[in-house]
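Peer 1: First the structure, then my questions, so here it is.
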Amino acid sequence: MIGVTLLRRFLARGGPATPSGRTPHVRATGLLVVLALALLATIALTAQAWIASRAQRRAAEEAVRDYARFAANNYAMDTQRALRQSALAIFSWLGGKSSRLEADSLFDIRVLQEAASEVRRCECMWDPDPLYFFRYVPSTNELITVGPHTPSPMERAVLRDSVRGDDPKTPLFAAPNVLRGAFYMMSFQDTLAGEQILLLTALHGVRGAPDAIYGFASSLSSFSPHTFGAIMSMPLLPPSLTKNVRNDSLFSVKVWDKNRLVYESRYAKDTLYGAYASLWGPGIKSRSIVQVSILPSMASRLLIGGMPETRAPLLLALCVLTCALLLSAYILTRRAQDLSAIRDDFTSSVSHELRTPLAEIMVYAEMLQLGRVHAPDERTHAVSVIVREARHLTHLIDNVLLFSRASREKPTAPPAHPLPLAPLVHELVRTFAPLARQHRISIREDLDESLAASISAPVLRHALLNLLDNAAKYAPPSSVITVSTVRHWEQVRIYVDDQGAGVPISERQRIWEPYVRLAREVSSSSTGSGIGLSVVRHLVERYKGRAWVEDAPDGGARFVIEVPGLSMSRLAEQDVGSYAEQSPAAHSGD
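In this text, residue positions in the sequence shown follow my numbering: the first is 30, and each later residue adds one.
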């Protein structure tokens with residue numbers, strides 16, 4: 030949100046102020062519209078690609094979940110098949126091997142107990158461990174149970190209701206959904222042994238014998254781990270899909286009896302690709318379920334081409350990169366427009382500054398040419414004005430040339446002999462005094478005659494002239510500009526103090542940048558190109574010096590130039606020492 034807010038502020042504001050103080054008119058409305066449309070198109074395409082990728086992945090995940098549902102149903106069917114086969118083995122003891130499942134007498138239910146023991150000894154897939162065996166005679170409503178678990182009255186009532194059928198008036202054998210010779214599996218809830226499973230078969234009585242229903246009750250606790258492991262080894266999916274991968278490496282299987290976990294495979298993990306199936310089939314109300322989950326590492330093996338990878342990070346990165354490129358294009362375009370406006374304003378400012386001295390030179394030169402100046406004093410004044418304005422014009426041209434070469438020049442080695450400061454500064458102040466008097470400004474000197482600076486005289490003269498010209502432009506009339514020099518350790522500082530409004534602290538670094546003028550300078554009648562102070566800093570830094578601005582002691586601004594330097598006394602000592610080293614007498618010891 031912070032980035033969006035900053036972007037809105039950037040787009041809402043105008044371009045940066047030019048030296049003349051005008052905000053450049055943004056002429057990129059068409060470009061902005063094109064970039065905005067490109068941005069919207071990029072976002073739309075990215076969103077469409079992301080939606081398509083997400084839909085493809087969802088379809089693949091749903092296909093894997095379908096495989097999990099198929100495997101869960103197969104596991105439930107194999108469980109039912111194992112239970113039915115073991116039950117058939119037990120019920121086959123009733124009535125011999127009669128294909129009609131008919132009996133001319135009632136069988137003792139202990140026969141089923143013996144059959145269960147024999148089936149247990151044969152090591153079938155399911156090792157039956159029934160809770161109890163029962164026999165129910167519908168004609169007499171007689172219910173007999175035998176086994177380690179004695180059903181409670183509630184269980185007996187539920188058992189009667191279960192084997193009697195949905196409609197008590199309709200005998201079980203006459204029910205339309207009953208096939209003779211088959212056995213039936215029912216389930217009901219019990220708080221003691223969990224969910225009970227009723228497996229029963231009906232024998233039709235002949236020769237005066239009554240019809241009877243035989244069966245036994247069991248629960249999932251009677252399933253040994255060997256039973257579930259044997260079911261786990263059966264193929265739950267077609268081999269063409271699994272590619273001969275074992276089920277325990279492909280699936281995570283859990284079997285639940287209500288809320289109790291009765292079996293779990295080696296990798297008992299819940300994954301995104303899981304499914305549930307009723308353990309006893311959809312026709313039986315049961316809470317015994319099997320949960321089959323396909324392991325994520327194996328999900329890709331079940332799909333042609335593997336699981337589609339999520340494209341969200343890549344699409345998001347591409348969208349962000351595209352947005353950044355479009356924003357960069359917009360910023361660069363705005364910057365190009367700003368630079369164009371700055372160039373136009375700079376050209377206008379420089380032209381105006383050059384026109385002023387040229388106009389004065391032309392006026393006095395034409396007066397001399399036409400012979401309108403007769404008195405010697407007037408002639409001398411005209412010549413002095415021409416020379417002064419020519420020097421001013423030369424200074425302006427030098428400023429532009431130095432500024433154009435600033436980015437290509439490297440630091441300059443200091444001169445072999447330090448430059449005495451006081452004579453150079455005094456000469457420069459005397460030369461600049463006529464220009465200062467035009468602004469009704471006087472210049473005061475406070476110079477230390479003993480200081481010398483390691484800098485070129487033309488460079489220092491040009492830098493000081495820029496500072497004096499800047500102070501004269503923006504200082505109020507009838508004020509005083511003070512030029513002073515002091516020594517600071519191994520450096521020499523030159524101060525140019527004015528009595529103007531000063532420079533705000535927030536603008537003291539910015540004014541040294543090219544084309545920058547303060548708001549009050551823009552609104553004043555003084556002209557300027559905005560490169561004078563930039564040239565000063567560049568010239569001083571070429572000689573390992575510094576330039577900055579601070580508050581003057583008496584108010585106003587103090588511009589400071591600091592360059593390497595020393596006092597004249599130390600310079601004389603160095604010269605004497607150097608001469609002594611070179612003298613033959615010094616070498617001879619005289």
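From the three backbone atoms N, C-alpha and C, an ideal C-beta is built for every residue, glycine too.
What does the Cβ neighbour count give for V578, buried or exposed, with the cut at 16 atoms within 10 Å?
Peer 2: Looking at its Cβ environment, which holds 16 or more other Cβ atoms inside 10 Å, V578 is buried.
Peer 1: Taking all protein chains shown into account, do 16 or more other C-beta atoms lie within 10 angstroms of the C-beta of K283, making it buried, or fewer, making it exposed?
Peer 2: Burial call: buried.
Peer 1: In chain order, what residues of the same chain lie with their CB nearer than 6 angstroms to the CB of I523, ignoring the 5 residues before and after it?
Peer 2: Closer than 6 angstroms at Cβ, skipping near neighbours: T514 and I590.
Peer 1: Out of curiosity, what's the CA-to-CA distance linking A530 and S563?
Peer 2: Roughly 20 angstroms between the two C-alpha positions.
Peer 1: How is the alpha helix (DSSP H) around A465 delimited, first residue to last?
Peer 2: That run of the alpha helix (DSSP H) goes L450 to Q467.
Peer 1: Find the nearest neighbour of I119 within the set G176, Y302 and L229, judged by alpha-carbon distance.
Peer 2: The option with the nearest alpha carbon to I119 is L229.
Peer 1: Which term fits A70, buried or exposed, when burial requires 16 or more other beta carbons within 10 angstroms of its beta carbon?
Peer 2: Under this definition A70 is an exposed residue.
Peer 1: Mind checking which residues open and close the alpha helix (DSSP H) that includes R537?
Peer 2: First-last for R537: undefined, no H or E at that position.
Peer 1: Can you tell me the Cα-Cα spacing of D527 and N499, whole angstroms?
Peer 2: Those two C-alpha atoms are separated by around 10 angstroms.
Peer 1: Report yes or no: do three or more beta-carbon pairs, one from the region 289 to 302 and one from the region 136 to 145, lie closer than 8 angstroms?
Peer 2: Judged by Cβ distances under 8 angstroms, the region 289 to 302 makes no contact with the region 136 to 145, as fewer than three pairs qualify.
Peer 1: By alpha-carbon positions, which one of D107, A73, P337 and S329 ends up nearest to R83?
Peer 2: It is P337 whose Cα lies nearest to the Cα of R83.
Peer 1: Check the C-beta distance from A482 over to L457 and give it rounded, since I have them as a contact under 8 angstroms.
Peer 2: Rounded, the Cβ-Cβ distance is 13 angstroms, inconsistent with contact.
Peer 1: Between T339 and R87, is the Cβ-Cβ spacing less than 8 angstroms?
Peer 2: Not a contact, by the Cβ cut-off of 8 angstroms.
Peer 1: Determine the burial state of R546: buried for a count of at least 16 other Cβ atoms within 10 Å of its Cβ, exposed for fewer.
Peer 2: The residue is buried, with at least 16 neighbouring Cβ atoms inside 10 Å.
Peer 1: Provide the residue span of the alpha helix (DSSP H) that contains R522, from first to last.
Peer 2: Taken as a continuous stretch (DSSP letters only), R522 belongs to no alpha helix (DSSP H), being part of the beta strand (DSSP E) at Q520 to D526.
Peer 1: In whole angstroms, give me the CA-to-CA distance for S168 and T179.
Peer 2: In a straight line, the C-alpha of S168 is about 23 angstroms away from that of T179.
Peer 1: Mapping DSSP to helix, strand and coil, what is G561?
Peer 2: Of the three classes helix, strand and coil, the one that applies to G561 here is helix, per DSSP.
Peer 1: Using only CA atoms, which one of S315, P267, G310 and S326 lies nearest to L279?
Peer 2: Closest option to L279, Cα to Cα, is S326.
Peer 1: Specify the secondary structure class of P342 as computed by DSSP and reduced to three states.
Peer 2: Reduced to three states, the DSSP call for P342 is helix.
Peer 1: How about F162 and I138: do their beta carbons lie closer than 8 angstroms?
Peer 2: Yes, the Cβ-Cβ distance between F162 and I138 is below 8 angstroms.
Peer 1: Near G566, which residues of its chain fall below 7 angstroms by C-beta distance, leaving aside the five closest residues on each side in sequence?
Peer 2: In the sequence under discussion, the amino acid at residue 566 is Arg, which differs from the Gly named in the question. Once the five neighbours on either side are set aside, the close Cβ partners of R566 are W541 and A576.
Peer 1: Should the region 350 to 357 be called in touch with the region 96 to 113, which here means at least 3 C-beta pairs below 8 angstroms?
Peer 2: No, the region 350 to 357 does not touch the region 96 to 113.
Peer 1: With DSSP as the reference, label G258 as helix, strand or coil.
Peer 2: Looking at G258 - three-state DSSP - the assignment turns out to be helix.
Peer 1: Look up A581 in the DSSP assignment and say whether it is helix, strand or coil.
Peer 2: A581 falls in the coil class under three-state DSSP.
Peer 1: For S115, which residues does DSSP report across the bridge?
Peer 2: Its beta-bridge partners do not exist; DSSP assigns none.
Peer 1: I need the straight-line Cα distance from A246 to K272, nearest angstrom please.
Peer 2: Cα-Cα distance, rounded: 40 angstroms.
Peer 1: Could you pull the DSSP bridge partners for L232 from this structure?
Peer 2: Beta-bridge pairing links L232 to A241.
Peer 1: For A492, report the span of its beta strand (DSSP E) as first-last.
Peer 2: Here A492 belongs to no beta strand (DSSP E); instead the alpha helix (DSSP H) covers A486 to Y503.
Peer 1: Helix, strand or coil for L480? Go by DSSP, reduced to three states.
Peer 2: L480 falls in the strand class under three-state DSSP.
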